[in-house]
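Asks:
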Amino acid sequence: MEFQPSIELLDFFDTVFIDHQSADSDVAKRFTQIFPKNKIQFVDQQPWSELKRTLSAEEFDRSKKNLFITEFKGQFFKRCPGSSQAKVLNCCNYHVLNLGSQCNMNCSYCYLQSYLNTPIAKIYSNLDQALQELTDMSEKSAHLPFRVGTGEIIDSLSLDGLTLFSRKLIPFFQKLPHWTLEFKTKSDQVDQFLDLGPSPNTVVSWSLNCQEVIDQEEHRTASLEKRLLAAEKCIKAGFSVAFHLDPLIWHPDWKSNYLGLVNEIICRFTPEQVNVISMGTLRFQPEQKNMMRQRFGLSSLVTSAEMFPSEGAKLRYDASLRHEMFRTLYNQFKKNNEKWKIFLCMETPETWVSALDSQPSHKPELKELFRPLPKV
Ligand code: SF4
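Numbered per this note's numbering, the sequence shown spans residues 185 to 560.
1) Taking Leu283 as the reference, which of Tyr293, Ser292, Trp438 and Leu311 has the closest Cα?
2) Can you tell me whether DSSP reads Gly464 as helix, strand or coil?
3) Which term fits Lys368, buried or exposed, when burial requires 16 or more other beta carbons within 10 angstroms of its beta carbon?
4) Just to be sure I understand the criterion: a residue counts if its Cβ is closer than 5 Å to at least one heavy atom of ligand 1. Which residues meet that?
5) So, under 8 Å CB-CB, Gln297 and Met476 are touching, yes? Tell me the CB distance rounded to an integer number of Å.
6) On the premise that Leu392 lies in contact with Phe423, defined as a C-beta separation below 8 Å, what is that separation, rounded to the nearest angstrom?
7) For Leu505 and Leu328, what's the separation of their Cα atoms in angstroms?
8) Between which two residues does the alpha helix (DSSP H) carrying Trp179 extend?
9) How should Phe492 be labelled, buried or exposed, when 16 other C-beta atoms within 10 angstroms of its C-beta is the threshold for buried?
10) Distance, Cα to Cα, Lys352 vs Pro436?
11) Going straight from the alpha carbon of Leu281 to that of Gly333, what length do you get?
12) Contact check, Val387 vs Thr364 under 8 Å by CB: the rounded distance?
13) Please list, in chain order, all residues of the same chain as Asn441 whose beta carbon is under 6 Å from its beta carbon, the five residues on each side excluded.
14) Which residues bound the beta strand (DSSP E) around Asn385?
15) Tell me which same chain residues have a C-beta within less than 8 Å of the C-beta of Ser268, skipping the five on either side of it?
16) Round the Cβ separation of Leu412 and Ile398 to the nearest angstrom and send it over; I've been treating them as touching at under 8 Å.
17) Would DSSP call Val560 helix, strand or coil?
18) Taking DSSP's pairing of strands, which residues face Cys291 in a bridge?
19) DSSP state of Arg237, grouped into three classes?
20) Quick one, which of Leu193, Pro231 and Lys359 has its alpha-carbon nearest His204's?
21) Find the nearest neighbour of Leu466 within the set Leu445, Lys498 and Leu482, judged by alpha-carbon distance.
22) Using only the alpha-carbon positions, how far apart do Asp372 and Gly381 sit?
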């Protein structure tokens with residue numbers, strides 16, 4: 185029997201709009217089966233398409249609760265945005281595959297607040313086209329260690345119980361053992377694909393934070409415990425896992441809370457079980473400050489933080505605080521075991537040297553990740 189999503193997830197959405205042109209797609213058929221009839225509407229064009237400006241806070245909130253199933257008209261397969269800033273940021277060889285946009289969860293720092301100007305969440309109905317693009321690429325590049333992530337402008341798994349995209353992607357990547365498929369999530373939605381394991385080149389990765397920050401800033405996400413339990417299930421079923429300690433957010437007890445998080449990982453996992461651990465501190469585009477204030481008020485740790493302009497035009501903590509945070513967590517991992525593979529996400533070479541005493545390409549355990557690839 186096909187996987188049944190939770191009632192809570194179905195209840196979250198007000199309406200699922202299905203583009204008439206996508207009505208015969210697998211994903212549209214599934215949505216018409218799993219959602220109550222009164223939540224489904226077939227349409228000829230995108231709802232609220234007259235809104236062609238930056239969204240207000242209310243419009244952004246509404247966009248989370250309404251889904252539009254439609255075809256993606258452009259090219260699915262793109263390089264990670266960090267690679268365009270390769271001169272200032274150390275970027276790993278990462279490619280993104282967007283199968284939708286917007287998110288049903290609600291983090292105060294979410295970059296979608298300054299990125300999205302579409303008034304509705306989207307799920308793309310032409311996954312087969314995305315797989316065809318990947319097939320074409322694999323003809324030249326199947327031997328290269330490509331990493332393909334699906335969690336850039338939509339959480340990879342929080343809606344996967346609805347779309348079941350993972351059930352097409354995992355078998356596809358199983359035929360390309362040199363490539364890696366990476367799901368990135370703050371949910372605990374993994375039961376829908378566990379039976380497809382073992383699949384060591386599928387990396388299920390979690391953004392982790394201490395529970396105190398999750399409670400205050402990562403609304404409607406899975407608790408830390410639920411994320412770690414889901415990671416344990418994935419390992420047991422033969423999938424690889426990775427953790428992103430990102431964004432590290434300053435708060436009065438940050439040191440003890442984040443050391444507690446590191447200790448929880450160290451106690452429950454071994455370096456051999458965790459592909460990689462990335463770390464990043466809070467960063468966001470200056471233009472999203474207003475939206476964050478309107479949506480989360482000044483009691484949020486994010487809206488009240490003192491931030492400074494830095495690389496990539498983003499606001500970040502000052503360099504000495506960033507370095508202290510990185511060093512504190514890094515040393516705790518390495519004190520436990522030298523084999524933990526840790527890298528800093530979207531950070532400058534100076535930060536690597538100052539916080540970790542070396543460039544990523546000089547760390548033997550990270551060489552493979554940062555090996556330059558030919559342009560595609
Ligand atoms: S889980 Fe990710 S995409 Fe979703 S709201 Fe949080 S930061 Fe944004």
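From the three backbone atoms N, C-alpha and C, an ideal C-beta is built for every residue, glycine too.
Replies: Answer, in terms of the structure:
1) Of the listed residues, the one whose Cα sits closest to Leu283 is Leu311.
2) For Gly464, the secondary structure class from DSSP, reduced to helix, strand or coil, is strand.
3) Burial call: buried.
4) That gives Cys287, Met289, Cys291, Cys294, Asp339 and Lys370.
5) Yes, they are in contact, since the Cβ atoms of Gln297 and Met476 sit about 6 Å apart, within 8 Å.
6) About 17 Å separates the two Cβ atoms, so there is no contact after all.
7) Taking C-alpha positions only, Leu505 is separated from Leu328 by approximately 37 Å.
8) Nothing can be reported for residue 179, as the shown portion of the chain is limited to 185 through 560.
9) Label assigned to Phe492: exposed.
10) Lys352 and Pro436 have their C-alpha atoms roughly 44 Å apart.
11) Those two C-alpha atoms are separated by around 6 Å.
12) Indeed, because the Cβ distance is near 6 Å, the residues count as touching under 8 Å.
13) Shown here for Asn441: same chain residues with a beta carbon closer than 6 Å to its own, the five before and five after excluded, namely Cys394 and Glu396 in chain order.
14) Per DSSP, Asn385 belongs to the beta strand (DSSP E) from Ser383 to Leu392.
15) Since pLDDT at Ser268 reaches only 48, below the 50 mark, its modelled position is unreliable, and the value read off the structure follows with that caveat. Contacts found: none.
16) Under the criterion of beta carbons closer than 8 Å, Leu412 and Ile398 do not qualify as touching, at roughly 12 Å.
17) In this prediction, Val560 has a pLDDT of 43, which is less than 50 and means its spatial position is unreliable; what the coordinates show is noted afterwards. The answer is coil: DSSP assigns Val560 none of H, G, I, E or B.
18) Looking at the DSSP output, Cys291 bridges to Glu402.
19) DSSP places Arg237 in coil when its eight states are reduced to three.
20) Of Leu193, Pro231 and Lys359, the residue nearest in Cα terms is Pro231.
21) Residue Lys498 holds the alpha-carbon nearest to the alpha-carbon of Leu466 among Leu445, Lys498 and Leu482.
22) Cα to Cα, the separation comes out at about 17 Å.
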